[in-house]
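Everything in the sequence shown is counted per full-length UniProt numbering, starting at 1 for the first residue and increasing by one.
The beta-carbon is built from N, C-alpha and C at its ideal position, and this holds for glycine as well.
Note sheet for the following structure.
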Amino acid sequence: MVKQKETEKLYAMKVLSKREMIKRNKIKRALAEQEILTTSNHPFIVTLYHSFQSQDYLYFVMEYCMGGEFFRALQLRPGRCLSEEGAKFYAAEVTAALEYLHLQGHIYRDLKPENILLHQSGHIMLTDFDLSKGSHPPGKPSIVKSNSPHTPPSIDTKSCVNNLRTNSFVGTEEYIAPEVIKGCGHTSAVDWWTLGILIYEML
Numbered sequence: 001m002v003k004q005k006e007t008e009k010l011y012a013m014k015v016l017s018k019r020e021m022i023k024r025n026k027i028k029r030a031l032a033e034q035e036i037l038t039t040s041n042h043p044f045i046v047t048l049y050h051s052f053q054s055q056d057y058l059y060f061v062m063e064y065c066m067g068g069e070f071f072r073a074l075q076l077r078p079g080r081c082l083s084e085e086g087a088k089f090y091a092a093e094v095t096a097a098l099e100y101l102h103l104q105g106h107i108y109r110d111l112k113p114e115n116i117l118l119h120q121s122g123h124i125m126l127t128d129f130d131l132s133k134g135s136h137p138p139g140k141p142s143i144v145k146s147n148s149p150h151t152p153p154s155i156d157t158k159s160c161v162n163n164l165r166t167n168s169f170v171g172t173e174e175y176i177a178p179e180v181i182k183g184c185g186h187t188s189a190v191d192w193w194t195l196g197i198l199i200y201e202m203l
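Right under this line is the structure:
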């Protein structure tokens, strides 16, 4: 956590060691995370205000979320779970964030309570995009018309990442989708698998 002297506003600062990134072959991941944070503009995705580097480190100055990790908040709840209404609320916000990422041509690939932050407003924010994979350029979303005249058409973001299929074995083991384990290639569907696990954990 850092504080701007003039305004005394608090920010979260992520510090990445260049030596460690080179040693663990994570330079591409750090640059991918920087790109996603720089180009994203969504209420449920953490805001990157500034990035800079020194000879030894890369720095990301981001929005500070006073509530901390969603994981910790969940552990402090009675029974370590939420009410059905609470789970619906947070699941809807995570869904909105994932849809936005897919619309931008990105697969998140590391959804878990530790990567969800609680903003002081009570809403969630996704963070940690170093395992994300992007499609350049993303495809165009398709419009799905409703059979009911009272229901407006919806946007299907699947086509935005249709051409993106990856074989890398990444993720946190409790949340890894079967197709990742099989190594047969995976798509944005892995994000919906992990959302299902998250909902199960919340309940």
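For Met13, which residues does DSSP report across the bridge?
Val61
Around the Cβ of Tyr200, are there at least 16 other Cβ atoms within 10 angstroms (buried) or fewer (exposed)?
exposed
Buried or exposed: Leu191, going by 16 or more other Cβ atoms within 10 Å of its Cβ?
Leu is not the amino acid found at residue 191; the sequence shown has Asp there. When all chains shown are included, Asp191 counts as buried.
In the structure shown, what three-state DSSP assignment does Val46 receive?
coil
Suppose the cutoff is 7 Å on Cβ atoms and the five residues either side in sequence are ignored; what does the same chain contact list for Gly86 look like?
none
For the alpha helix (DSSP H) containing Leu198, list its first residue and its last residue.
Run containing Leu198: Ala189 to Met202, per the alpha helix (DSSP H) assignment.
Would you say Lys112 and Thr194 are within 8 Å of each other, going by their C-beta atoms?
yes
So, at 7 Å on beta carbons, what are the nonlocal neighbours of Ala73 in its own chain, with the 5 sequence-adjacent residues on each side left out?
Gly67 and Leu118
When the Cα of His102 is compared with those of Phe52, Ser40 and Cys65, which residue comes out closest?
Ser40
Stretch pair the stretch 9-17 + the stretch 48-63: three plus CB contacts closer than 8 Å:
Touching, yes, given that three or more Cβ pairs across the two stretches are closer than 8 Å.
Which ranges does the beta strand (DSSP E) cover as unbroken runs of at least 3 residues, wholly within the stretch 67-138, from first to last along the chain?
The qualifying runs are 116-118 and 124-126.
Chain-order list of residues whose beta-carbon lies under 7 Å from that of Ile128 (same chain, five-residue window excluded)
Residue identity differs from the one stated: residue 128 is Asp in this sequence, not Ile. For Asp128, where only same-chain residues beyond five positions count, the Cβ hits under 7 Å are Asp110 and Asn115.
Could you check how far apart the C-beta atoms of Tyr49 and Met1 are, in whole angstroms? I think they sit under 8 Å.
Incorrect: roughly 14 Å between the Cβ atoms, too far for contact.
By alpha-carbon positions, which one of Gly79, Tyr108, Ala32 and Glu179 ends up nearest to Leu203?
For Leu203, the closest C-alpha among the options Gly79, Tyr108, Ala32 and Glu179 is that of Gly79.
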